[in-house]
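Q: Below is one structure. I have some questions about it.
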Amino acid sequence: MWADDPVVGRRYLQVEVREPGGFTDYRLRIDDERIDTGFNDVSFSFKVGCDDDLDCAEPVDPCRPPLPEDVDVDYLARDFVSLRNALLDFTAQRYPNWQTPLEADVAMVPLEIIAALGDELSYLQDRYNREAYLETATERRTLRRKARLVDYEIHDGRQATTALELTIADTMPATIQVPAGAAVWALAEGQDPIPFELGRGLRDAIDNLVFGVDTRWNPGQITPYALDDNDACLVPGATELLVRNDPAGPENPGGIVFLEADLPEWVGRQILLRDLAADVTETERLVLVTVEEVELTSDPLFALDLARIRWRADTAPRFHIPLDDLEISGNVVPATSGETRRQSFRLGPLQDGDPNDLLPAVEREGPLYSDADPSLVVSSHETDGDAARPPIYLLSLPGTETDGLAFIDMLDDLRATQPEIHLTEDGQPFQPWDFQRALLLCDSDDQVFTLEDGSWRRIVAYQSGAEQIVHRDYATGAGYTIRFGDGEFGRLPARDAVFHVDYRLGSGTRANLPAGAVNALSIPNQTPPHVGSLVGAVESVRNPFPVRNGLDPESATEIKLLAPDAFKAETFFAVRPEDYGAQAARLDSVQQAQGAFRWTGSWLSATTAVDPAGAGLLTDTVRQEVQTLLDARRQAGREVIVVPPRYVNLDLIITVCLARNAFAGQVEPRIHTALFGDVLGMTTGFFSPDQFTFGTPLSRPALEAAIGGVSGVEAVVDVQVRIHGVTDFAPFTDFSLDVADDELIRLENSRQFPERGSLQLSMVGGA
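Numbering-wise, our numbering comes out as the position in the sequence shown, counting from 1, plus 1419.
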């Protein structure tokens, strides 16, 4: 039926059906000429709320929401006070009925919480921005990573080392063994004691190394001996000394100081030679020599048993020492600064029955790997199909925040020092984990660990019923943290594994002390006594030389100053043509190299000509070595082609005037030796391969001087020169024969390869 809609002012047709329709499509056709054919016989559905094309009326726009009020935003508000004021200004504008806010107002709580969060976020933004640049970074771990980007390895300092002179108590009946790791101290009023431990490092204590000492080797017990008056003084550079080795007497208070069984142990030991001062106005002079051999001998004239001590020449004294003023001390042992600590820790949460001193390692999620071992990934870590995040375990070494970590200089390279750390898994004491400065070059099965700057520790704890939830996180940039591999770079240890770490706390420059400062065998009021105490066996201890080699870690200021300059001084990339030659020349097998860009038809290729060291030809081995290096340092997309040099092969005709007493048959071989060297390679000739490189000219005065210096040559009369296969012979009258920067002069004078240059000698005069 037809009906009218008074709201919109339209007529409509209402169709009633006998039963409800479904969601399928129906067709409606009204057989009436008044119906527009464009809207007749159309498809529709009884589905409610679905769009259809039945209504031809224009849709009415719904009421639009009112525009928000314009609010002024202070974009300079970053701290708590400015953010709080900005929020108060906003609430006063948006909620005008809110009276003057008071601190006790409950609405002020969320407002100040939001301001505090904004203040913290602003601080984090500033910190992130500062750590993004080397010039403004403050965290040591940030500086280390950024320095490595330019191939600069910052150093962590070096522990101080010294030699200690022990005086053994007379109550000791025979040779005793003092263990490596036994502690002595330098006491200073108002300061903490500075510890030193016997041995050259932590490894000596781990290996249970001992040092033999004896009352017979105390200062003054070893008596020097001279066979005659001419040997009454130890001269500079002397490498041996005779000492008495007969029974004790007025002239030999020490008696027999060397036994046959003791001799092998003296090889490599150190002996202190002291030139005693004649009076208090003079100072003692000391020298520490390294023994190579102790030999038992005798003086048959006086029937005295002697011992001959020989030491290394590089440790020989550099001043005169009268034997009457010489005091010898044999109880000299090495010592290093620092104090050894031992810490045990578990990977994962602690378990019932764990000792109180067992620490839990901090656990974090590692990178997302598509081929991670699912057996090593616990369910709490993120997984995505076949990809998973393995855990990363971290353990900060207690005490390193304040005292630092000791690093030992084993390779005489400050930037390759090794930390004094010995890490083993529980039950595997003879399989220590190896330290690596970076894990990027380690395989998934390598049993390695690395160190990170900073300390992770407990930040806050929450009590949830009977359970305590402890949050551990990065706390400070001081100290050092052990980090294990993640299964991709370095082995991922098993969860719940227990580890033991022995490490030495370092002192840096604090352990640089004057002579005699390390003299305490114990610390006053120390309870219990230190493990490995020397009290009782050792009467006194002192360092005869000042301690000077302790070094603090490289400071942030030094890193920021040196890293950019080191990056410029030694580059590890090639961009310009000359860069390719400079990189190749760093190889020991390359004397010089020249780089140039050549158009090969489609792009520019870096063609590098190589002058090999000690050879006239570029071998395949050297070519491949250069190719491998440049492929690692070339510009992306730049092809590298290694080629031999452009040789300038010279032919020379030299007329030589011989001396009146010289024979041509004798002089000619000498000239060949002077120009090309001998067969055994013992003599370098004028035309030897390493004498010429790219751009080196042939100097006529130098050539004549090389020939004129041969015995039997009176003078060089004439020199004819030509470039083989290029020019004809012409008099060599110029000061030098110049070649291009990418050319190399060659004259081998080989009958097998005449194209590599030849020499003809014409002899005139002589006998």
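Don't be surprised by glycine CBs; every beta carbon is placed ideally from N, CA and C.
Counting pairs of Cβ atoms below 8 Å between the region 1536 to 1551 and the region 1494 to 1506, do you hit three or more?
A: Segments in contact, yes.
Q: How far does the alpha helix (DSSP H) with Ser1959 in it extend, from its first residue to its last?
A: Locating residue 1959 in the sequence shown gives position 540, counting from the first residue. No alpha helix (DSSP H) contains Ser1959, which is instead part of the beta strand (DSSP E) from Val1957 to Arg1961.
Q: Return the residue from the list Val1752, Thr1658 and Leu1814 that minimises the CA-CA distance to Glu1616.
A: Taking the sequence shown and counting its residues from 1, the one referred to as residue 1616 is at position 197. Selected option, being the one with the closest Cα: Val1752.
Q: Provide the residue span of the beta strand (DSSP E) that contains Ala1754, from first to last.
A: Here residue 1754 corresponds to residue number 335 of the sequence shown, with the count starting at 1. Taken as a continuous stretch (DSSP letters only), the beta strand (DSSP E) holding Ala1754 covers Val1751 to Ser1756.
Q: Would you call the CB atoms of Val2129 and Ile2090 closer than 8 Å?
A: Mapped onto the sequence shown, residue 2129 falls at position 710. Mapped onto the sequence shown, residue 2090 falls at position 671. Against a cut-off of 8 Å, the Cβ pair of Ile2090 and Val2129 comes out as a contact.
Q: By a C-beta neighbour count over all protein chains shown, 10 Å radius and 16 as the cutoff for buried, is Met2101 buried or exposed?
A: Stepping through the sequence shown from its first residue, residue 2101 is reached at position 682. When all chains shown are included, Met2101 counts as exposed.
Q: Looking only at its chain, what residues have a beta carbon closer than 6 Å to the beta carbon of Ile1675, apart from the 5 residues adjacent to it on each side?
A: Locating residue 1675 in the sequence shown gives position 256, counting from the first residue. Asn1664, listed in sequence order.
Q: Helix, strand or coil, according to DSSP, for His2091 in the structure here?
A: Numbered from 1 along the sequence shown, position 672 holds the residue referred to as residue 2091. Residue state, collapsed to three classes: helix.
Q: Suppose only complete runs of 3+ residues qualify. What are the beta strand (DSSP E) ranges in the region 1819 to 1871, listed by chain order?
A: With a minimum length of 3 residues, the continuous beta strand (DSSP E) runs that stay inside the region 1819 to 1871 are 1840 to 1844 and 1847 to 1854.
Q: Return the CA-CA distance between Ala1934 and Ser1941, expressed in angstroms with no decimal places.
A: Your numbering for residue 1934 matches position 515 in the sequence shown. Your numbering for residue 1941 matches position 522 in the sequence shown. Ala1934 and Ser1941: Cα-Cα distance of roughly 18 Å.
Q: Helix or strand or just coil, what does DSSP make of Ser1464?
A: Here residue 1464 is taken as the residue at index 45 of the sequence shown, counted from 1. If DSSP states are grouped into helix, strand and coil, Ser1464 belongs with coil.
Q: Where does Arg1559 fall in DSSP's three states?
A: Within the sequence shown, the letter at position 140 stands for residue 1559. It is helical.
Q: Can you list, in chain order, the residues of its chain whose CB lies under 7 Å from that of Val1436, leaving out five sequence neighbours each side?
A: As a first step, residue 1436 must be located in the sequence shown, where it is residue number 17. Closer than 7 Å at the Cβ level, and outside the excluded window around Val1436, lies no residue.
Q: Note down, in chain order, each residue of its chain lying with its Cβ closer than 6 Å to the Cβ of Phe1630, except the 5 sequence neighbours on either side.
A: The sequence position of residue 1630 within the sequence shown is 211, counting from 1. For Phe1630, where only same-chain residues beyond five positions count, the Cβ hits under 6 Å are Val1597 and Val1752.
Q: Keeping to the same chain, check which residues put their C-beta closer than 7 Å to that of Ala1859; ignore five residues upstream and five downstream.
A: As a working mapping, residue 1859 is identified with position 440 in the sequence shown. Just to set this straight, residue 1859 is Leu in the shown sequence, not Ala. If we look at Leu1859 and ignore the five residues flanking it on each side, its Cβ neighbours are Phe1908.
Q: Are Pro1996 and Gly2014 close, meaning C-beta to C-beta below 8 Å?
A: For the purposes of this step, residue 1996 is taken as residue 577 along the sequence shown, with counting starting at 1. For the purposes of this step, residue 2014 is taken as residue 595 along the sequence shown, with counting starting at 1. Result yes, Cβ atoms of Pro1996 and Gly2014 sit closer than 8 Å.
Q: Under DSSP, the beta strand (DSSP E) around Asn2068 begins and ends at which residues?
A: Taking the sequence shown and counting its residues from 1, the one referred to as residue 2068 is at position 649. Per DSSP, Asn2068 belongs to the beta strand (DSSP E) from Arg2065 to Leu2077.
Q: Could you check how far apart the C-beta atoms of Gly1906 and Ala1825 are, in whole angstroms? I think they sit under 8 Å.
A: Taking the first residue of the sequence shown as position 1, residue 1906 is located at position 487. Taking the first residue of the sequence shown as position 1, residue 1825 is located at position 406. No, Gly1906 and Ala1825 are not in contact; Cβ-Cβ is about 30 Å, not under 8 Å.
Q: Gln2085 by DSSP, collapsed to three states: which one?
A: Residue numbering aside, residue 2085 sits at position 666 when the sequence shown is read from its first letter. Of the three classes helix, strand and coil, the one that applies to Gln2085 here is helix, per DSSP.
Q: Which residue marks the beginning of the alpha helix (DSSP H) containing Phe1499, and which one marks its end?
A: Mapped onto the sequence shown, residue 1499 falls at position 80. Per DSSP, Phe1499 belongs to the alpha helix (DSSP H) from Phe1499 to Arg1513.
Q: Consult DSSP for Pro1996 and reduce its assignment to one of helix, strand or coil.
A: Position 577 of the sequence shown, counting from 1, holds the residue named residue 1996. Of the three classes helix, strand and coil, the one that applies to Pro1996 here is helix, per DSSP.
Q: Is it right to say Lys1565 is buried, meaning 16 or more other beta carbons lie within 10 angstroms of its own, or is it exposed?
A: Position 146 of the sequence shown holds residue 1565. By the 10 Å Cβ count, Lys1565 comes out buried.
Q: Which one or two residues does DSSP pair with Pro1643 in a beta bridge?
A: Counted from its first residue, the sequence shown places residue 1643 at position 224. Val1662.
Q: Could you tell me the alpha carbon to alpha carbon distance between Arg2175 and Leu2036, rounded to whole angstroms?
A: The residue you call residue 2175 lines up with position 756 of the sequence shown. The residue you call residue 2036 lines up with position 617 of the sequence shown. Their backbone Cα atoms lie some 11 Å apart in a straight line.
Q: In the structure shown, what three-state DSSP assignment does Leu1787 receive?
A: In the sequence shown, the residue the question calls residue 1787 occupies position 368. Note: Leu1787 maps to coil in three-state DSSP.
Q: Taking Cβ positions, are Ala1599 and Ala1624 nearer each other than 8 Å?
A: Your numbering for residue 1599 matches position 180 in the sequence shown. Your numbering for residue 1624 matches position 205 in the sequence shown. It is a contact, given that the beta carbons lie within the stated cut-off.
Q: If we ignore side chains and look at the alpha-carbon of each, how far apart do Leu2187 and Gln2010 end up?
A: Nothing in the structure corresponds to residue 2187, since the chain is present only between 1420 and 2186.
Q: Could you tell me which of Ser1974, Ser2024 and Thr2047 sits nearest to Gln2002, measuring between CA atoms?
A: Taking the sequence shown and counting its residues from 1, the one referred to as residue 2002 is at position 583. Answer by Cα proximity: Thr2047.
Q: Looking at the secondary structure, which residues open and close the beta strand (DSSP E) in which Arg1635 lies?
A: The residue labelled residue 1635 in the question sits at position 216 within the sequence shown. Run containing Arg1635: none; DSSP gives neither H nor E here.
Q: Starting from Arg2052, follow the alpha helix (DSSP H) in both directions and report where the run begins and ends.
A: For the purposes of this step, residue 2052 is identified with residue 633 of the sequence shown, where counting begins at 1. Per DSSP, Arg2052 belongs to the alpha helix (DSSP H) from Asp2039 to Arg2052.
Q: Exposed or buried, what is Asp1694 when buried is set at 16 or more other beta-carbons lying within 10 Å of its beta-carbon?
A: Position 275 of the sequence shown, counted from the start, is the residue given in the question as residue 1694. The residue is buried, with at least 16 neighbouring Cβ atoms inside 10 Å.
Q: Go ahead and pull the three-state DSSP assignment for Phe1630.
A: By 1-based counting over the sequence shown, the position of residue 1630 is 211. The answer is strand: DSSP assigns Phe1630 an E or B state.
Q: On a Cα-Cα basis, can you pick out the residue from Arg1923, Phe2148, Asp1998 and Gly2144 that is closest to Glu1820?
A: Locating residue 1820 in the sequence shown gives position 401, counting from the first residue. Checked all of Arg1923, Phe2148, Asp1998 and Gly2144; the closest Cα to Glu1820 is Arg1923.
Q: Taking DSSP's pairing of strands, which residues face Thr1895 in a bridge?
A: Numbered from 1 along the sequence shown, position 476 holds the residue referred to as residue 1895. In the DSSP output, where bridge partners are listed per residue, Thr1895 has Ser1874.
Q: For Pro1389, report the span of its beta strand (DSSP E) as first-last.
A: One cannot answer for residue 1389 here, as it falls past the ends of the chain, which runs 1420 to 2186.
Q: Shortest alpha-carbon distance to Asp2160 belongs to which of Thr2115, Asp2137 and Arg1497?
A: Along the sequence shown, read from residue 1 onward, the residue named residue 2160 stands at position 741. When each option's Cα is compared against that of Asp2160, the closest is Thr2115.
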